[in-house]
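Undergrad: Take the sequence shown: its letter number 108 is residue 97 in the numbering used here, and every next letter is one higher. This is the structure I want to talk about, given as structure tokens.
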Amino acid sequence: MLNGIDHIVIVVADLRTAIENYTDLGFTVTPGGKHPIGSENALIPFADGSYIELIAFTVSNSGLLWQEQLRKGGGIVDFCARCNDLREQRERFGKAGIAMNEPSPLSRQRPDGYVLNWILATPQPPWEGIVPFLIEDLTPREERVPSNRQLTNGARGIAGITLAVNDAKALSAFYETVTGEKSEPANFPEINAAGFRLELGPQTCVLLSPTSNAGPLAEWLKTRGPSPYAAALTTLSHKPGALDRAKCENARLSFA
């Protein structure tokens, strides 16, 4: 079964600028290192064990969805889920109607030289971004996730993610199957959207579709296609509300 969100991915044009912006917002940002696919990242770890990944590309690859989304404005582009057994969960996804790529290895070399290794199972189109990719650590997870989790803004973890989709009802059936949770109706008239909400481990996943051809969610789908729309963070010291979107590198983040 899925155990919740491992991390959310925010793609940025310039990693150094993104680190500065998120630091200004009160987050503790740790440089993560480089991947062999031509990208580098920085991580914002939380007390609940989840984290935000800020990722930038040093090599252009038009075949990568995340780079395509960067050209459309960046922000939250994907999310990763924890599970007990990657191959078993991948099979469950397949039985629920979601085609998954074969598990593949990936690595990252931290600035201190330590090389992290893991295996990923990613959804095939058109499910990328609205179905989580899965990760299985080969090196210890505590090496992948930085230990400095003291944030001056009081953020404690990821409360949930909101996905913009064309058919929230159909996708909710998949999520109910793989999580064993029952979805509940969710209505957001302020953005002309409605859909379903369900638990994804300790977090919440909201699936929204437009209720009209006008409104922020409808416009998002027109320009970005089905994809992550927003994420909420838990916090001890701030009132609920949206964070500065420009400082968040076009990611819709808020304190729940």
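Even glycine gets a Cβ: it sits at the ideal position worked out from N, Cα and C.
Please state if the CB of Ile87 and the CB of Ile(-1) are separated by a distance shorter than 7 Å.
TA: If you number the sequence shown from 1, residue -1 lands on position 10. If you number the sequence shown from 1, residue 87 lands on position 98. In this structure, Ile87 does not lie closer than 7 Å to Ile(-1) by Cβ.
Undergrad: Tell me Ser198's beta-bridge partners as DSSP assigns them.
TA: Within the sequence shown, the letter at position 209 stands for residue 198. Beta-bridge pairing links Ser198 to Ala183.
Undergrad: Taking the alpha carbon of Gly21 as the reference point, which residue from Tyr164, Glu9, Ile44, Gly15 has its own alpha carbon closest?
TA: Position 32 of the sequence shown holds residue 21. Ranking Tyr164, Glu9, Ile44, Gly15 by Cα distance to Gly21 puts Ile44 first.
Undergrad: Could you check which residue in Glu91, Tyr103, Arg138, Ser161 has the C-alpha nearest to that of Gln113?
TA: Position 124 of the sequence shown, counted from the start, is the residue given in the question as residue 113. Of Glu91, Tyr103, Arg138, Ser161, the residue nearest in Cα terms is Glu91.
Undergrad: What are the boundary residues of the beta strand (DSSP E) that Ser28 is part of?
TA: Residue mapping note: residue 28 aligns to position 39 of the sequence shown, counting from 1. From DSSP, the beta strand (DSSP E) with Ser28 extends over 28 to 34.
Undergrad: Decide yes or no for the touch test of the region 160 to 176 against the region 121 to 129: beta carbon pairs closer than 8 Å, at least 3 of them.
TA: The region 160 to 176 vs the region 121 to 129: no contact.
Undergrad: Can you tell me whether DSSP reads Leu61 as helix, strand or coil?
TA: Indexing the sequence shown from 1 puts residue 61 at position 72. At residue 61 the sequence reads Lys, which differs from the Leu that was named. Correct three-state label for Lys61: coil.
Undergrad: For the alpha helix (DSSP H) containing Tyr164, list its first residue and its last residue.
TA: Within the sequence shown, the letter at position 175 stands for residue 164. Run containing Tyr164: 157 to 168, per the alpha helix (DSSP H) assignment.
Undergrad: What residue does the alpha helix (DSSP H) around Glu208 start on, and which one ends it?
TA: Here residue 208 refers to the residue found at position 219 of the sequence shown. Where Glu208 is concerned, the enclosing alpha helix (DSSP H) stretches over 205 to 213.
Undergrad: Would you say the beta carbon of Thr212 comes nearer than 6 Å to a heavy atom of the ligand ATP?
TA: The ligand content of the structure shown is nil, which means the ligand ATP is not present either.
Undergrad: Under DSSP, the beta strand (DSSP E) around Phe16 begins and ends at which residues?
TA: Locating residue 16 in the sequence shown gives position 27, where the first residue counts as 1. Where Phe16 is concerned, there is no enclosing beta strand (DSSP E), given that its DSSP letter is neither H nor E.
Undergrad: I believe Gly184 touches Leu(-9) by the beta-carbon criterion, under 8 Å. Please report the beta-carbon distance rounded to the nearest angstrom.
TA: Working through the sequence shown from its first residue, we reach residue 184 at position 195. Working through the sequence shown from its first residue, we reach residue -9 at position 2. Their Cβ separation, rounded to whole angstroms, is 19 Å, which puts Gly184 and Leu(-9) out of contact at 8 Å.
Undergrad: If distances are taken between C-alpha atoms only, which option among Thr223, Leu95, Pro94, Leu32 comes closest to Asn142?
TA: Position 153 of the sequence shown holds residue 142. Closest option to Asn142, Cα to Cα, is Thr223.
Undergrad: Have a look at Lys211, Asn10, Pro215 and flag the residue whose alpha-carbon is nearest the alpha-carbon of Pro115.
TA: Residue 115 sits at position 126 when you count from the first residue of the sequence shown. Nearest C-alpha to Pro115: Pro215.
Undergrad: For the alpha helix (DSSP H) containing Gln78, list its first residue and its last residue.
TA: What you label residue 78 is simply residue 89 of the sequence shown in a count that begins at 1. Looking at the DSSP string, the run of the alpha helix (DSSP H) that includes Gln78 is 75 to 84.
Undergrad: Could you tell me the distance, in whole angstroms, from the CA atom of Val134 to the CA atom of Glu42?
TA: Locating residue 134 in the sequence shown gives position 145, counting from the first residue. Locating residue 42 in the sequence shown gives position 53, counting from the first residue. Each residue's Cα considered, the two are about 10 Å apart.
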